[in-house]
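Asks: Below you will find the structure I want to go over with you.
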Amino acid sequence: MAVNYGSQRTVVGAHYGMRDWLSQRVTAVLMALFTVIVLAQVLLTRGPIGYDKWAGIFAAQWMKVLTFSVVVALLWHVWVGMRDVLMDYVKPVWMRLSLQVFVIVWLTGCAGWAVQVLWRI
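Each residue of the sequence shown is one higher than the one before, starting from 6 at the first, in my numbering.
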């Protein structure tokens, strides 16, 4: 007879737990560090902050790459969170999958928009 309780319990599920938990924390730390970097540049800038100052902050190629990396981290952070919410609260499979596809398309569009903004394509 198979034991389905206690230490011999059969574990089922997608096993996303630790990987998703860790990815949420890593992406959050990356976004927080980026925020500190941008705030430091803004606060250390003399004079009024207008378009020229903002454009100057993001003009360097390393800043564009760093910004896009943070955008990718943000998109991953959003995807993990939305996927978990949809898996937990949307029970009809067709609706959950439809919403997940919508989220993927939306986030892909946001990534494309970020590339356009950063590199003026």
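Backbone N, C-alpha and C fix where the C-beta goes; we use that ideal spot for every residue, glycine too. None of the values given here were measured: they were computed from a predicted structure.
At 3 residues or longer, what runs of the beta strand (DSSP E) sit wholly inside the stretch 98-123?
Replies: Unbroken beta strand (DSSP E) runs of no fewer than 3 residues, entirely contained in the stretch 98-123, are not found.
Asks: Could you check the C-alpha separation between Met-23 and Val-43 for me, to the nearest Å?
Replies: 30 angstroms
Asks: Could you check what DSSP says for Ala-65 in three-state terms: helix, strand or coil?
Replies: Assignment of Ala-65 by DSSP, reduced to helix, strand and coil, places it in the coil class.
Asks: Taking the continuous alpha helix (DSSP H) assigned at Arg-24, which residues delimit it?
Replies: Element bounds for Arg-24: 22-48.
Asks: Pairs of beta-carbons, one from the stretch 84-92 and one from the stretch 102-120, closer than 8 angstroms: are there three or more?
Replies: yes
Asks: Taking contact to mean at least 3 C-beta pairs separated by less than 8 angstroms, is the stretch 72-87 in contact with the stretch 30-50?
Replies: yes
Asks: What distance in whole Å lies between the Cβ atoms of Met-36 and Val-75, which are believed to be in contact at a cut-off of 8 angstroms?
Replies: Rounded to whole angstroms, the Cβ separation of Val-75 and Met-36 is 6 angstroms, and the two are in contact under 8 angstroms.
Asks: Mind checking whether Lys-69 and Leu-123 have CB atoms under 8 angstroms apart?
Replies: yes
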